[in-house]
Structures are given as structure tokens and as C-alpha cells.
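Quick note: the sequence shown uses our numbering, first residue -2, plus one each step.
Idealized CB from N, CA, C, for every residue including glycine.
The structure appears below as C-alpha cells.
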Amino acid sequence: MKRWPRWTKFAVIVVASFVLLITVLPEVASGIGLRSLAARLATTSSCSSGSSATSGSGSSGQCGQGTVTGTVTVTGAPSGFSPAYLGAGACPASTPTGLACANPQYALEFAGTYSLSLAAGTWEVAGFYENGGLGGVFLSASQFVTVPTGGTVTENFTVPYQVPATLKGTVQVTGVPNGVTVDSLSVLLCPSFAPYTGGFPSIACVTGYGQAPLGLTSAPFQLSGLPPGQWTAFPSYCTLFGCTTNANAGKKVNLLAGGTKRVKLTTPFLVPSEGQLSATVAVTGAPTGFADPLEISVCQLGGGFCQTDIGFGGGAISLILPNGQWTVQGQYLVPPFDNAVTGPSQLVTISGGHTTAVSLVVPYQVLGGATGTIRVTGKPSGVPITSYTVVACPASSSGRSSPECINEFSGPGGLGFTNAVTRRANGAARAAAAPVKTPFNIYQLSTLTPGKWTLYPGYGTAFGAYTDPVGTTVTIAGGTTVTQRLSVPYQMPSIGVVTGKVTAIGVPQYFEAGVQACTAKPTGTSCPGEQFAYSGSDGTYTLSLTPGTWWVSGFVDDFSGFTQNETTTAPQQIVVVAGSRTKADFTVKGASS
């Protein structure tokens, strides 16, 4: 059984991707509407007939796939012509005549041929070439091809060369409100068979950007390398509220081979469905040197969407929010647990395309704290506690899942309260003796706001973790610390653990070792109900399992060259009992030994 390794030392090959905005010849509109080749080539394959088969990847016969391969030749081109991109693409044969399909598949030519992996079935395939990244695709006549499962079909295409066309013009947006900056201007150019009606444009459309500095409301643009035919150009612009294309302001253009058309596109500023909230947060009464992070919290009136955003640069925060009424309040985050101290809320109205400013104040609060010990009652002997936790929540909150809660835990990796080391106090000789570890069932919460808090104690063992769902309520006063002993009843676990050591011999420099457990005796190809755990650098492991009979084996994954080889030991049959530990050691030889 192969597992994804947690780390590998293989060389990483980075393939530079490219983005192409390409379109389709109207004369063969029923063939293919081609999108960004880089995006399509990066998708994963699918087993659905007539959809989402990755081009140029995978093996024939997997998931009912086959392959279409062949050559693509450009005919009638001038001497020295070399297309930027050459390949073939496919749409399902069920694509309505005169429309571009929603999810075409592509493969670029490599070493003189293309190889297009497709789900078994009938496809409409055509060859194409492109002059550049912002032009369109020039297509051959399309062919209906039946792709057999696990088979290969050869289909060669010739694409007639056409002198490309150019579209020039200007794009302008009028009536931009004061305080709103136009970040960019662009044109969306769509062929006649794929008209833009709003929403997400067809993959057959091409986008060209206006050449203008930030903030201008008018800019020239130019799109070259376009296939001749009927197109419609739509004005587009972007502001801080997003990007908008006016589907009602398009202009039709007929592009001629070798010709240049000019068009002037204009759109009024379209009121967006979002506005901007510009907030400042100030903490009053804070001591010198106060530098806690500042935030705002916003919630739609009536129990809708809520979010928080942290401030940078003196507490200035901007958010883009849907139109409507919002409650807004400032807050600062107290380290080390980042519990929030909030100020009074304000009601604001967000209006599309406009900025609403609000000043928020948070009174500084002198914090208090709580400290004490945690005792686990009813714990069986021989079950060590590995960590103690306390979840502290305002008594008025919705419980332990409230975002206002904070968590402190001790033990290995705990925050602030790991095992403390002390020395014996009976003379210099005894002080130099082996240190004694003090108990770490101590909690200390030093950043609680005044008021009532509920403390939920918890603990962790090798069998899992448990937190008291009831908790103990304490009253916190500013500048003081409450001492409160907490107790939590031990809960019988529902799992057991297998522990031990995996010794790997005859392994290469890079390997991983561990154990796997199966609910039935494993074979060379299967491990029913597989569970596994990797061993640490010292070879030790801990594997948590549900009660019952398991077959447990040690394994080693060798990483040699560009392959991963796995060897396992003979399985040990182990009966796992809830709340018990079972020891099992394994010695595993590497594949190369």
C-alpha cells in the first residue's frame, strides 16, 4: 500500500505557464471555442464521456479514455511564417451547432505531433494555430472523431493561413463618482456565435486592455492577430468595487483580413452592489507604549454575514461590503492569546459605489486574570496525562465554540506553561543532583477582561483529549488575579493504542518508516481498513486504533532516484482494547538491502 510521503527530496521541475486569450473563427463556429491553453492543460482528467479529459496526459484506457493524435499543418502561409502556437482541440459532438462548447479540450503540438487524451465517445476535433497571446485561434475544418476506449485514432489537420485583422479604438467610462478611482479600462471582444449577455463571458471572447495610467476614465486599446469575421466589442472597467462589463453597450464590428477597424466604446458608471467602509479605530486611555493590534468587526443587520479585519497603519481599515445596514465596532487584541477587547457598536449604511466613513473608539481596559490547578478525577493508574487545557469564554458568549473564547494549554509544546524544572533546595550538593520536574497541571490566564468568565478544564492522554462541557464560572476584576482550582472527570476512552519502535536497516539516505494496521490480514495489494502512523527520528511510533483485532506491520518507504519503493514486515495479529496500550516492535529491511 502506497502512502503520500510527508516529505520528499526529489528535484522539483517548474514548468512556466502562459496565459492566452483566444477566440474562434466565425466560419467554423460549430467546431471549437478555445480558451486559455495553459488553464486547460493544467486541469485533471475526468472519466465523463465528452468532458474534461486532460490533453496530452494520462494513459489510454484509464477511466475509459482513448487518444487522438496526428499533425497540424498551416497551408498557404507566407515564407518564414511560424505560428506562436499550434495544436488541436475538441468539443463533444453534442455541442449545439453554432455555439462554442463550455469546456473544450486542447493539446499543443510537440515534436511535430499532438496527442489529445479524451474520454471514449464522439468528439468534434479541429486543428488550430495562434499568432500570439492576445490574438485569436485560426481553425481548420472540424472532423467528427469516435474515440475508442484504450485505442488511438490518427487525425491530421490543415489550417488555411489567413491574414490577421486588427481592432483599434478607445474605451471610456462616464459619471464616475467622486472618490472612486478607475483602476483599469478594457474591451471584451466576442464573436457573433458567442454573444455576451452578462455574467461570465464565453471562453471564445478576447480581452484587450486600455493603455492608460491609473485613474483615467478613457484609454486607447489595440487588439492584433484576430481572425476575420463578425465580432461585438463591449466596454469594461475595474474599480475597487470590482470589474464590470456593460452588456448593453456593445458595438458590432466586421473584421476584414489584413484590415484595421476602429471603434469607440462608452459606458456610464454602473452602480455596483457593494460599497466601501472606511473605518478608523482609536483606543482611549491606553498607557504609554500600547501597541496591541487593532481590528473592526462588522455584521449585517438582521443576523447576516459577519467578518473581522485587522488594521494597518494607525488603525485605518477599509472593507468592501454588500449594500445595506451593518453594525460596526472597533476592538484591540490582547497578546498572547489575542482575546478581543471591544468598544461600542455603531450602525452604518453601505451604499453601492460610495465610501462610508466611521470613527470607532475602544476604551482601554485594565485586565485581570485567573490561575490555579487542574485535577483529573477518577483516572486509572498507569495512564499518564500528556497535557492540560483551559478554554476561557465570556459567560455571556455562546459557549466553547464562541470566537471570544481563548485557550491555554500546558505540557509538551504548551504555550507558557511547559514542564518547569526546579532544583532541590537542601544544599549545594543536592542542588547539583538530577532536577525534579514540578507538576504542569497549572493554568494561568492573565489577559481576561473584567466580568464573568466560564473556565472549561480539559486534559489529553495517548487515547485522545477531553474538555469538561460544563465549566466553572469566575468573576474577573481589573488588575487582580482570581485563584480557582478546577477539576475534570476522567472519561473512559473509546480507542486503544499500539506503541513501539521501528528499526530500519539497509535503507538509503532518504526514507520514511512507520507502521500500518489492517482489519484483515493484508495481501500484496490490499490492506482493508488501513490505518498508519510514521515513526519519529528515534524510530518510536504511536498508532491509535478502534477496539478489535488488527494486523499490524512495520514499513519502510525508500526514496531512490525518482521512485518510491516500499517494504513491509510480516503482520502481527494484535487485539486492541479501549484504554489499553499494546507494545509491538518491528525491524524492516529496505528494498535495496
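Exercise. Between G312 and T285, is the Cβ-Cβ spacing less than 8 Å?
Worked result: No; because the gap between Cβ atoms is not below 8 Å, this pair is not in contact.
For this session: Mark C515 as exposed unless 16 or more other C-beta atoms lie within 10 angstroms of its C-beta, in which case mark it buried.
Result: buried
Exercise. Which residues mark the beginning and the end of the beta strand (DSSP E) in which Y193 is found?
Worked result: First-last for Y193: undefined, no H or E at that position.
For this session: Starting from the C-beta of G255, find all residues in its chain whose C-beta is less than 6 Å away, skip the five residues before and the five after it, and write them out in chain order.
Result: V160
Exercise. Between V268 and G349, is the Cβ-Cβ spacing less than 8 Å?
Worked result: yes
Exercise. Are G207 and V150 closer than 8 Å when you measure CB to CB?
Worked result: no
Problem set entry | Residue from S384, V338, P454 whose Cα sits closest to the Cα of T446 | Out of S384, V338, P454, V338 has the C-alpha closest to the C-alpha of T446.
For this session: Could you tell me how far apart the beta carbons of G133 and P217 are, in whole angstroms, since I believe they sit closer than 8 Å?
Result: The Cβ separation is near 20 Å, so there is no contact.
Exercise. Taking C-beta to C-beta, are G212 and V168 nearer than 8 Å?
Worked result: no
For this session: Enumerate in chain order the residues of its own chain whose CB-to-CB distance from K586 is below 7 Å, with the five nearest sequence positions on each side excluded.
Result: I502, G503, T564
Exercise. In terms of residues, what are the limits of the beta strand (DSSP E) holding D611?
Worked result: For the chain, the structure presents residues -2 to 590; residue 611 sits outside this window and is missing.
Exercise. How would you write the range of the beta strand (DSSP E) that L83 sits in, first residue to last?
Worked result: Its beta strand (DSSP E) spans residues 82 to 89.
For this session: Assign G61 to one of three DSSP states: helix, strand, or coil.
Result: helix
Exercise. By DSSP, does E106 sit in helix, in strand, or in coil?
Worked result: coil
Exercise. Per DSSP, what kind of secondary structure is Q322 in: helix, strand or coil?
Worked result: strand
Exercise. With F125 and G84 assumed to form a contact (beta carbons below 8 Å), what rounded beta-carbon distance in angstroms separates them?
Worked result: 6 Å
For this session: Could you tell me the boundaries of the beta strand (DSSP E) in which Y463 lies?
Result: 461 to 464
Problem set entry | Selection from P145, E401, L164 that minimises the alpha carbon distance to D335 | Of P145, E401, L164, the smallest CA-CA separation from D335 is found for E401.
For this session: To the nearest angstrom, report how far apart S79 and G226 are at their CA atoms.
Result: 22 Å
For this session: Please state whether DSSP places A117 in a helix, a strand or coil.
Result: Assigned with DSSP and collapsed to three states, A117 falls in coil, not helix or strand.
For this session: Identify which residue in R372, N243, E271, V203 has its Cα closest to the Cα of S484.
Result: When only C-alpha atoms are compared, the closest one is R372.
Exercise. Span of the beta strand (DSSP E) holding Y234?
Worked result: Run containing Y234: 226 to 236, per the beta strand (DSSP E) assignment.
Exercise. In terms of residue numbering, what span does the beta strand (DSSP E) encompassing P290 cover?
Worked result: Careful: P290 lies outside any beta strand (DSSP E) and carries neither H nor E.
Problem set entry | Assigned secondary structure, Q297 (DSSP; H/G/I helix, E/B strand, else coil) | strand
Exercise. Rounded C-beta distance between V260 and V144? I'm assuming under 8 Å.
Worked result: Not confirmed; about 42 Å, so no contact.
Exercise. Is the segment 456 to 467 touching the segment 353 to 362, taking contact as three or more C-beta pairs under 8 Å?
Worked result: no
Exercise. Over what stretch of residues does the beta strand (DSSP E) that includes C524 continue unbroken?
Worked result: Segment: none, C524 is in no beta strand (DSSP E) and carries neither H nor E.
Exercise. Just the Cα atoms here: how many angstroms apart are C303 and T346?
Worked result: 15 Å
Problem set entry | Beta-carbon proximity of P232 to T257, cut-off 8 Å | no
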